[in-house]
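Each residue of the sequence shown is one higher than the one before, counting from 38 in the working numbering. The beta carbon of each residue, even a glycine, is placed where N, CA and C say it ideally should be. Computed from a predicted structure; not experimentally measured. These notes are about the structure you will find just below.
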Amino acid sequence: MKIREIKELLHCRVLCGEEMLDRDVHSACGSDMMSDVLAFVKDQAVLITGLVNPQVIRTAQMMDICCIVFVRGKKPSQDVIDLARETGIVLLFSSERMYSACGILYQAGLQAGSVAGDLPNTGEAMGENT
């Protein structure tokens, strides 16, 4: 999927990175907890979040995330936009809620991707003993 398609599907406004909208992305994650993104997320190209502070850009940079979609109508400050521009990260802004945005993108074929430390889908892995 191209970032441009995400922009259209979520009715986004581009805050920076217009020249990178034709970049291919294959996976996404949604979180408002950057500690979870750092601890559990890997191989994601798109981050969907309602957080608008500089830590989001720094986290995305460390995790090689190339596009951030700010949801729930939350718009970052110009300082955050400038930081994203400097680091080559596309910023999109949408009024969609996170749950809806994730569902729309998943339904359109964007995968959830890998999670660091994936556990097998068994009751034992979830701490349920039989």
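If you draw a straight line from the alpha carbon of residue i to that of residue j, how long is it in whole angstroms?
i      : j      : result
Val78  : Glu133 : 22 Å
Cys139 : Gly67  : 7 Å
Glu55  : Ile126 : 10 Å
Ala65  : Gln115 : 24 Å
Ala145 : Leu47  : 11 Å
Lys111 : Val51  : 13 Å
Val89  : Met135 : 14 Å
Asn166 : Lys39  : Because Asn166 sits at a pLDDT of 42, beneath the cut-off of 50, its placement in the model cannot be relied upon, and the following sentence gives the value as read from the coordinates. Going by the C-alpha atoms only, they are around 43 Å apart.
Pro113 : Gln81  : 21 Å
As a quick exercise: from the options, pick the residue whose alpha carbon is nearest that of residue i.
i      : options                      : result
Lys44  : Phe107, Met71, Gln81         : Phe107
Val74  : Glu56, Met99, Gly54          : Met99
Cys103 : Glu123, Ser131, Leu47, Leu46 : Glu123
Ala149 : Leu84, Ser72, Glu55          : Leu84
Arg109 : Thr86, Asp101, Asp119        : Thr86
Spatial neighbours of residue i within its chain, please: C-beta separation below 7 Å, excluding the five flanking residues on both sides.
i      : result
Arg173 : Since the displayed the chain opens at 38 and closes at 167, residue 173 lies outside it and no answer follows.
Output needed for residue i: all residues of its chain with C-beta closer than 6 Å, excluding positions within five of it in sequence on either side, in chain order.
i      : result
Ala121 : Cys53, Ile94, Leu128
Check whether the Cβ of residue i lies closer than 7 Å to any heavy atom of the ligand PLP, and answer yes or no.
i      : result
Glu123 : For the ligand PLP, the structure offers nothing, since it holds no ligand at all.
To test your reading of the DSSP string, which unbroken alpha helix (DSSP H) runs of 4 or more residues are found completely within the stretch 49-115?
71-77, 91-99
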